[in-house]
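Chemist: For the sequence shown, the residue numbers in my numbering are 968 to 1231. Glycine included, each C-beta is placed from N, C-alpha and C at the ideal position. Quick one: the structure is below, and I'll ask about it shortly.
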Amino acid sequence: MDTKWKQIDQYAQQWVKEAGKRIQETFQTELTIQTKSDRKDLVTNVDRETEQFFIEKIRSTFPDHHVLGEEGFGDELSTLDGIVWIIDPIDGTMNFIHQQRNFAISIGIFENGVGMLGYIYDVVHDELYYAKKGEGAFLNDKQLPRLQPVSIRESIISVNATWITENKHIDPNVLAPLVKEARGTRSYGSAALEMAYIAAGRLDAYITMRLSPWDFAGGLVIVEEAGGIVTNLYGEPLNLLGKNSVFVSKPGLHEEILQKYIHH
C-alpha cells in the first residue's frame, strides 16, 4: 500500500481510538436521546458529537476528501468520485443507550467507489477490526485467517426476528426454513459488529433487509479482505449511495443459501 494510504490509515486508526475514548467518557453523563424517523430510530448527542469530531479531523487533515455520515454533518454526495469516508459514529445506538455495549464505530474509506480501508471499533471491548485492500483483515494487530466454507447445518446465522415475522420488506416464509436448518441464529443489533464477527469467524452469515451505506461500508472492506462475500439479497453488489438488503457470508455458504432459499 503506498505512502498516501499508509498515512490515511495511521490517522484513521488514531482518530477511531480517540473517538472511542471520548464515547466511553460519556457513559457517566446524561444522554440526550431523540428519535429520528420513528420510536426505534434513535440518535444521541454522542452520535452527533462523534461524527462532528471525525469531520473536523478529516477536513483539516485531508481537505480534498469527502465525507458521507449518518448524522448528516458530511457532504451531500451524488457520486463516489475521489476519496470518500463513509462513517457511522455509533452503529447500534439502541444498544448504546440501553446496554452501553454491542455498538461500534464504523468507517469505510473508498476511492472512486473502491473500498480501500475499513474499520469497525468495538469500543467497550477495545477490539479494532480493520482491513487494507489487498493486505487482509486484522483484529487489533493479528491477521484474521481466511474464511473457509461451511454448510448451512453447521452455521450460525445472524438474522433479526423482524425478517421472519410479518414485515413490509420480505415474506417471512422465505427465511423461516433457513432458521430451522441452521445450527443456530443470533442478532446483535449492530450491522457493523455482525459483519466484524463474520470476518472473525464468530458468525457464518448475516442477512438483513434494509441498511444504509454507513452501516456496511467498513464491514464490506473487512469481510471481503477476510475472504467473505458481501452482496444484496439477490447476489448483486451493494449500492454505496442508497439503502440495500444485505447478505454477508462465508464462501460456499453464500451460494448455498442463495440457491436454496432465495432463488429457488
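(1) One question on the structure: do A1166 and F1183 come within less than 7 angstroms of each other, judged by their Cβ atoms?
(2) Just the Cα atoms here: how many angstroms apart are K1099 and F1020?
(3) Assuming L1111 and A1193 form a contact by the criterion Cβ under 8 angstroms, report the distance between their Cβ atoms to the nearest whole angstrom.
(4) For S1122, which option in G1168, I1087, E1043 has the closest C-alpha, if you only look at C-alpha atoms?
(5) For Y976, which option in T1060, E1133, I1050, L1200 has the closest C-alpha, if you only look at C-alpha atoms?
(6) Just to confirm, is the Cβ distance from I990 to V1090 under 7 angstroms?
(7) Determine the DSSP secondary structure at D1055, reduced to helix, strand or coil.
(8) Under the three-state reduction of DSSP, which class applies to Y1201: helix, strand or coil?
(9) Is the distance from the Cβ of Y1173 to the Cβ of V1215 below 7 angstroms?
(10) For the segment 1124 to 1138 against the segment 1076 to 1092, do three or more pairs of beta-carbon atoms, one drawn from each stretch, fall closer than 8 angstroms, so that the two count as touching?
(11) Does DSSP put G1082 in a helix, a strand or coil?
(12) Excluding five sequence neighbours on each side, which residues of the same chain lie with their C-beta closer than 6 angstroms to the C-beta of I1124?
(13) Just the C-alpha distance for H1065 and D1058, rounded to the nearest angstrom, thanks.
(14) Do I1196 and H1221 have their CB atoms nearer than 7 angstroms?
(15) Excluding the five sequence neighbours on either side, which residues of its own chain have a C-beta within less than 6 angstroms of the C-beta of F1040, listed in chain order?
Modeler: The structure says:
(1) Numbered from its first residue, the sequence shown carries residue 1166 at position 199. Numbered from its first residue, the sequence shown carries residue 1183 at position 216. Contact: no.
(2) Here residue 1099 is taken as the residue at index 132 of the sequence shown, counted from 1. Here residue 1020 is taken as the residue at index 53 of the sequence shown, counted from 1. When rounded, the distance between both Cα atoms is 23 angstroms.
(3) To locate residue 1111, count along the sequence shown from 1; it is residue 144. To locate residue 1193, count along the sequence shown from 1; it is residue 226. Between A1193 and L1111 the Cβ distance is about 5 angstroms, and since that is below 8 angstroms, they are a contact.
(4) To locate residue 1122, count along the sequence shown from 1; it is residue 155. The candidate whose alpha carbon is nearest that of S1122 is G1168.
(5) Position 9 of the sequence shown, counted from the start, is the residue given in the question as residue 976. Contrary to the premise, residue 976 reads as Asp rather than Tyr in this sequence. That would be I1050, whose Cα lies nearest to the Cα of D976.
(6) Numbered from 1 along the sequence shown, position 23 holds the residue referred to as residue 990. Numbered from 1 along the sequence shown, position 123 holds the residue referred to as residue 1090. The Cβ atoms of I990 and V1090 sit closer than 7 angstroms to each other.
(7) Here residue 1055 is taken as the residue at index 88 of the sequence shown, counted from 1. Three-state DSSP puts D1055 in a strand.
(8) Position 234 of the sequence shown, counted from the first residue, corresponds to residue 1201. Note: Y1201 maps to coil in three-state DSSP.
(9) Stepping through the sequence shown from its first residue, residue 1173 is reached at position 206. Stepping through the sequence shown from its first residue, residue 1215 is reached at position 248. At a Cβ-Cβ threshold of 7 angstroms, Y1173 and V1215 count as neighbours.
(10) Three or more beta-carbon pairs separated by less than 8 angstroms are not found between the segment 1124 to 1138 and the segment 1076 to 1092, which leaves the two stretches without contact.
(11) The residue labelled residue 1082 in the question sits at position 115 within the sequence shown. In this structure, G1082 counts as strand in the three-state DSSP scheme.
(12) Here residue 1124 refers to the residue found at position 157 of the sequence shown. Here the set comprises A1149, T1152, A1172.
(13) Looking up residue 1065 in the sequence shown gives position 98. Looking up residue 1058 in the sequence shown gives position 91. Roughly 13 angstroms separates the two Cα atoms.
(14) Sequence index remark: in the sequence shown, residue 1196 carries index 229 (1-based). Sequence index remark: in the sequence shown, residue 1221 carries index 254 (1-based). For the 7 angstroms CB-CB criterion, I1196 and H1221 form a contact.
(15) The count along the sequence shown starts at 1 and reaches residue 1040 at position 73. Only E1018, Q1019, I1022 meet the Cβ criterion.
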